[in-house]
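Numbering (the numbering used here), first residue to last: 260 to 647.
A virtual CB, placed ideally from N, CA and C, is assigned to each residue, including glycine.
Worksheet for the structure shown next.
Structural data, given as structure tokens:
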């Protein structure tokens with residue numbers, strides 16, 4: 260059995276990761292990396308090569324009596340950088356934190372209803388007998404099936420129910436296969452589901468997002484679409500893939516994850532631009548998206564800015580605001596990783612994430628308050644000192 264990479268923050272949260280492909284061995288390595296502790300909740304991010312049922316079962320065995328939540332990923336971020344097919348465990352201690360969680364099922368059919376009910380129940384745990392949540396020391400963390408096509412409704416429903424308490428999270432992935440994602444919660448495995456956590460803490464924190472693109476003058480209008488399945492058939496009344504390829508100076512046959520990462524499509528909402536990233540090109544020349552789309556939607560073709568400097572600037576600002584970052588739990592779009600690899604700066608991104616203690620996973624989408632986003636890094640940064 261190998262050695263897990265591990266890190267411990269001053270606020271008491273411990274993180275460990277294993278790159279081992281054997282599921283049971285990976286759990287045991289990561290558990291050993293965490294070390295003995297009085298944990299009240301463990302969060303697991305894992306590659307889809309792992310046997311999910313065995314993973315959930317083994318985690319329940321090695322952390323008896325401790326709730327475990329988690330999801331499959333499009334890549335993991337551990338104490339020593341990015342991985343694919345690995346396992347990352349984040350253990351919240353009892354001292355300084357209270358974590359309440361619920362599994363939300365059937366989100367593709369009853370997402371709004373089930374999410375609202377779950378948020379309402381968690382709210383009563385945090386502030387029994389009170390209608391308002393204490394925003395200064397509580398936030399919501401959401402893990403949601405990235406193939407459910409339900410993120411927008413889920414996020415909006417939860418944010419509304421939780422009195423605008425800050426929410427952050429990520430959409431589960433399965434590498435770049437887009438076939439089967441998995442959620443785990445207290446030994447159970449679920450698809451078309453989400454896990455909502457309400458986390459109370461005595462430590463200072465900041466919920467944040469950062470993105471690295473700028474709009475161009477090129478516009479693409481959705482003229483034919485299957486909105487339920489997030490598929491665009493036509494842009495500017497032309498076959499979608501062909502029109503998008505023409506707009507960015509490529510042939511349709513050259514389109515793929517790296518070009519989607521390099522030339523994101525954005526929409527303007529309330530004066531700000533937000534990504535609506537392309538997931539994949541389909542055999543019929545249509546384009547599938549990570550976010551909700553509608554006919555009549557006007558896309559703007561964007562180009563990335565320097566991902567390294569823009570991310571570093573955001574983390575530096577958080578570091579100053581918190582008087583020193585202790586740990587960051589981050590949700591990083593898979594397209595950002597692909598962009599970093601295309602520009603051959605992945606090692607520099609690894610070094611940056613290690614500098615600020617970023618851990619988490621690569622996503623099929625990111626959540627930030629009431630928004631479901633793409634091509635963004637969202638997260639929660641913890642400070643080093645407990646608040647008085």
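Could you pull out every residue in the same chain whose Cβ sits closer than 6 Å to the Cβ of residue i, ignoring the five residues on either side in sequence?
i	result
residue 262	Note on residue 262: pLDDT 49, under 50, position unreliable in the model; the coordinate value appears next. Nothing listed; no residue qualifies.
residue 511	500, 501 and 504
residue 309	282
residue 269	585 and 643
residue 556	481
residue 370	409, 412 and 413
residue 647	Per-residue confidence for residue 647 stands at a pLDDT of 44, beneath the threshold of 50, marking its modelled position as unreliable; the derived number appears in the next sentence. Excluding positions up to five away in sequence, the list is empty.
residue 570	469
residue 359	381, 384 and 457
residue 275	263, 265, 289, 292, 293 and 348
Since residue i sits in a beta bridge, which residues does DSSP pair it with?
i	result
residue 635	470
residue 497	494
residue 373	DSSP, once it has assigned bridges, lists no residue as partnering residue 373.
residue 531	528
residue 621	591
residue 626	428 and 631
residue 433	435
residue 539	547
Note the first and the last residue of the continuous beta strand (DSSP E) segment covering residue i.
i	result
residue 259	This structure does not reach residue 259, given that the chain is present from 260 up to 647, and the question cannot be answered.
residue 264	264-267
residue 299	298-305
residue 350	346-352
residue 282	First-last for residue 282: 282-293, but that is the alpha helix (DSSP H), not the beta strand (DSSP E).
residue 328	327-331
residue 605	From DSSP, residue 605 is part of no beta strand (DSSP E) but of the alpha helix (DSSP H) over 605-614.
residue 459	453-460
residue 402	397-404
residue 364	Where residue 364 is concerned, there is no enclosing beta strand (DSSP E), given that its DSSP letter is neither H nor E.
residue 336	335-337
residue 547	546-548
residue 563	557-563
Measuring alpha carbon to alpha carbon, tell me which residue in the options is nearest residue i.
i	options	result
residue 465	452, 575 and 633	575
residue 468	281, 617, 293 and 626	626
residue 549	538, 555 and 558	538
residue 345	327, 433 and 532	433
residue 341	620, 632 and 628	620
residue 331	458, 306 and 366	306
residue 417	385, 396, 407 and 455	455
residue 526	321, 386 and 631	631
residue 402	609, 590 and 610	590
residue 528	516, 558 and 546	558
residue 293	484, 267 and 638	267
residue 639	463, 273 and 365	463
residue 568	339, 611, 395 and 406	611
residue 547	515, 532 and 566	515
residue 542	304, 368, 328 and 492	492
Beta-carbon within less than 7 Å of residue i's beta-carbon, same chain only, minus the 5 sequence neighbours each way: which residues are those?
i	result
residue 520	594, 597, 598 and 601
residue 711	No information on residue 711 is available, as it lies outside the stretch 260 to 647 that the chain covers here.
residue 634	470, 472, 523, 534, 536, 592, 594 and 595
residue 260	Note that residue 260 scores a pLDDT of 42, beneath 50, so its modelled location is shaky; the value from the coordinates is reported in the next line. These residues qualify, in order along the chain: 284, 287 and 288.
residue 497	none
residue 628	418, 425 and 426
Which first and last residues belong to the alpha helix (DSSP H) in which residue i is found?
i	result
residue 424	Careful: residue 424 lies outside any alpha helix (DSSP H) and carries neither H nor E.
residue 574	566-581
residue 601	593-601
residue 312	311-321
Leaving out five residues before and five after residue i in sequence, what residues of the same chain have Cβ atoms less than 8 Å from its Cβ?
i	result
residue 553	481, 484 and 486
Subject >> Segment contact flag, the stretch 632-645 with the stretch 581-591, C-beta cutoff 8 Å, min 3 pairs >> reply: yes
Subject >> Three-pair Cβ contact test at 8 Å for the stretch 344-363 versus the stretch 286-302 >> reply: yes
Original post:
Taking three-plus beta-carbon pairs below 8 Å as touching, is the stretch 306-323 in contact with the stretch 435-453?
Top reply: Judged by Cβ distances under 8 Å, the stretch 306-323 makes contact with the stretch 435-453, as three or more pairs qualify.
Subject >> Cβ contact check for the stretch 325-342 and the stretch 368-381: 3 or more pairs under 8 Å >> reply: Too few Cβ pairs lie closer than 8 Å, so no.
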